[in-house]
Amino acid sequence: MRVYLFIAAVAGGVTWLVTPLVRHMSIRAGAVGEVRARDVHTIPTPRMGGVGMLIGFAVALMFASRIPFISGLFVNSHQPWVILAGAVMICLLGVADDLWDLDWMLKLAGQLLISVFVAWGGLQIISLPLGSLVTASPMISMAITAFLIVASINAVNFVDGLDGLASGIVAIGGIAFAIYSYILARSSPNYASMATLLDVALVGICVGFILHNWHPAKLFMGDSGSMLLGYLITCASIVMTGHLDPASVNTSVYLPAFMPILLPVLVLFLPVLDMILAIVRRLSKGQSPMHPDRMHLHHRMLRIGHSVQGAVLILWGWAAMISFGSIMILFFRVLYVVIGMIVASVILAVFTMLPYVLRRLPEFEASHAAGRAPEHARSSGSGRVARDAGDSDVAMNAAADSSSTDSASVNSAAARTATAKAGSDAARLTESEPGIRAETHEPSDADAKYVPTPHNPSQHGPSVRA
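The numbering of the sequence shown is my numbering, which starts it at 514 and goes up by one.
Printed below as a string of structure tokens:
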């Protein structure tokens, strides 16, 4: 185990050291990713980071060939050098795409040619679990190998949309692969494993590159990096099939026989799922499968409300749950593993949807408050109408009282006017007729009880006798 950790450290350290030089070289060569409509980054950023990862992988492989514990893997087999040659070619194809933005058909043709070359060089699926573990024919083995390599290359390329996302997912898958292949190789007397070696070197270059690629990224891996990672993780899974002896496989170990084929799909579940959804989505719209859009999983995470770092960490969590869950099924009771994966899925689902829920919560409260407002307005309106009606009644009563008071005042004033007029007439009559003696009638008790009416006040004036 210490040897593998050393190889991982060498791969990571070299990648971390040479990546700044690769960044400078990318700027000089003009391999700078401009901001496109589908991109998340907002400033032009150099790419071609895959060159630094390739250098780290090559140096780690050179160191491994000199270590006694695993040097035997390089003595009687040319497989490691075939894998390295394929890595160089796939990285150069990616560099060409980073520089000149190759047509997708040309790029796919190059991937197929390189995959066939690697398969022809000896890197092939050896056994297939078909009812029992059987040895595949050379043509079938070559076709399956080429298909797996091309599919993994494009799956990682599809998911490479956020800083640190692709390298982190591949690193998690590489750790799961390394654990599985290491335990599988321990059953043999010499448990040095090429699959484990490839996995730990892959994990090392991913970790070394993430230090420069974490948001905000100083350098993108580009197609040179994403295609290299997809290629290497598939090579490790294909090499793993060589550790299974068809004669020793029975029903009790039938599941491990599937793992070399299933494990790339499981550890790359998110990239593969994203690739399948993208192809179906684009074909349903009559577009090319390679037509770019903003509907990838990482774009959806950003629309939910996650930051770039938050989206990357949550997608890493999903990748870890699937990768390590699929490995633990081989070593623990299935029931316990399933329960653990369900609990982890619930926790991840909560964190995945949390920004969306928090964003919609104020809207829900506002709509709920708006729903209560009409009822409150109706009750307030009814009270206001009642108060208005009460105020109207009070006003009418006050007006009636005022009218009665005004009528009494008018009647009293009319009576005083009539009395004054009668007195004035009597005075004029006395002055005009000196022989006539005017007498003022002293009112009797009956007269005191008399109240003149306002309608004809003159007929009740004071009595005048000649």
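Where a beta carbon is used, it is the ideal one built from N, C-alpha and C, also for glycine.
Checking 9 Å against the spacing of the C-beta atoms, do residue i and residue j come in under that value?
i, j, result
"ILE638", "ILE520", "no"
"GLY721", "GLY569", "yes"
"ALA522", "ILE718", "no"
"PRO868", "GLY823", "yes"
"HIS608", "VAL564", "The sequence shown places Val at residue 608, rather than the His named in the question. Yes, the Cβ-Cβ distance between VAL608 and VAL564 is below 9 Å."
"ASP673", "VAL821", "no"
"VAL847", "ALA668", "no"
"ILE827", "LEU861", "yes"
"ARG536", "HIS725", "yes"
"LEU586", "MET707", "yes"
"ASP611", "MET561", "yes"
"ILE583", "VAL527", "no"
"ALA791", "PHE690", "no"
"LEU636", "CYS748", "yes"
"ILE685", "SER836", "yes"
"PHE733", "THR532", "no"
"VAL788", "THR865", "The question names Val, yet the displayed sequence has Met at residue 788. It is not a contact, given that the beta carbons lie outside the stated cut-off."
In three-state DSSP terms, what is residue i?
i, result
"VAL545", "strand"
"PRO559", "strand"
"LEU636", "coil"
"HIS812", "helix"
"TRP727", "coil"
"PHE782", "helix"
"PRO805", "coil"
"ARG515", "helix"
"GLN592", "helix"
"SER578", "coil"
"ALA705", "coil"
"MET854", "helix"
Quick check on residue i: buried or exposed, where buried means 16 or more other Cβ atoms within 10 Å of its Cβ?
i, result
"GLY738", "buried"
"MET753", "buried"
"ALA600", "buried"
"PRO581", "exposed"
"ASP614", "exposed"
"ASN589", "exposed"
"VAL780", "buried"
"GLN800", "exposed"
"ALA921", "At ALA921, the pLDDT of 43 sits below 50, so the modelled position is not reliable and the matter cannot be decided from this model."
"MET514", "exposed"
"SER539", "buried"
"ALA524", "buried"
"GLY623", "buried"
- Message: Pairs of beta-carbons, one from the region 788–806 and one from the region 840–860, closer than 8 Å: are there three or more?
- Response: no
- Message: Does the structure place the region 821–833 close enough to the region 671–688 that three or more beta carbon pairs sit under 8 Å?
- Response: yes
- Task: May I ask you to verify whether the region 653–671 touches the region 740–750, counting CB pairs closer than 8 Å and requiring at least 3?
- Result: yes
- Evaluate contact between the region 694–712 and the region 805–814, counting only Cβ atoms and requiring at least three cross-stretch pairs below 8 Å. no
- Query: Within the chosen definition, does the region 619–636 reach the region 580–599 through at least 3 CB pairs nearer than 8 Å?
  - Reply: yes
- Message: Please give me, in chain order, every unbroken run of the alpha helix (DSSP H) with length at least 4 that falls completely inside the region 816–848.
- Response: 821–841
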